[in-house]
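S.K.: Numbered according to numbering that gives the first Met the number 0, the sequence shown spans residues 0 to 178. Take a look at this one; I'll ask things after.
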Amino acid sequence: MGVVLYRLERGIIRMEQNAAFVEEIYQTIKATEMFFECYDGKKVVIVFDNAPAHRQTKQRVTAHDDMVILRLTPYSPMCNPIEGCFSVLKAHIKDHLAMDREEICDRSNMTDNDGVTLTITERSMRFLERAAKASMQYLTPTLVAKMELHARDWVNAAEDMRTCATESDFCPKLLSLSE
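Below, the structure written as structure tokens:
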């Protein structure tokens, strides 16, 4: 399906925020035309890693008969499709920041459009947020589908008790998937 909803958040993500975001994701997915046309009657699956904000999400989220929350075991990012997407996103953010290097390093203008003086940290955060927003376009439905297949291969290998020596045992390198 691809990216249906995202947020840029500063600071620590609390469990309550995460639970509210899961509900918002669920409602957004259910409201899409694609879900209605292609997935009606299917379950919405939300996958979590072991980040602190995810620990009690299942207990805090409103239960829905057609929503499944899966929690991965520790140290299993290869089984989470979002991890590959994040790798691609971070690579594009770095590219974007590299292109803006001169502007980032030029501290002669430390004010925003309203003339408010910015701290170095605030100015840096704004560059990072701008790069993140510009890089979201690379998280295409095709990339997400490839990452889902990548994760599926790892889950199947784990279920079959195959040894997963390296990522390349199952699919091409993550960055080549973004092409």
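Glycine residues also receive a C-beta, built at the ideal position from the N, C-alpha and C atoms.
How about His-91 and Ser-134: do their beta carbons lie closer than 8 Å?
M.R.: Yes, these two residues count as a Cβ contact at 8 Å.
S.K.: DSSP three-state label for Leu-71, please.
M.R.: Leu-71: coil per DSSP, three-state reduction.
S.K.: Considering only the alpha carbon of each residue, which of Glu-15, Phe-47, Gly-83 and Met-0 lies closest to Phe-34?
M.R.: The candidate whose alpha carbon is nearest that of Phe-34 is Met-0.
S.K.: On the three-pair Cβ rule with 8 Å, is the segment 15-27 touching the segment 47-56?
M.R.: They touch, by the three-pair rule.
S.K.: What does DSSP give as the partner residue(s) for Met-66 in the beta ladder?
M.R.: For Met-66, which the question treats as bridged, DSSP gives the partners Val-43.
S.K.: Rounded to the nearest angstrom, how far is the Cβ of Met-146 from that of Pro-80, given a contact under 8 Å?
M.R.: Contact holds; Cβ gap of about 4 Å.
S.K.: With DSSP as the reference, please indicate the residues paired to Thr-116 in a beta bridge.
M.R.: Looking at the DSSP assignment, Thr-116 forms a beta bridge with Thr-110.
S.K.: Considering only their Cβ atoms, is the gap separating Phe-47 from Arg-70 smaller than 8 Å?
M.R.: Yes, they are a contact pair.
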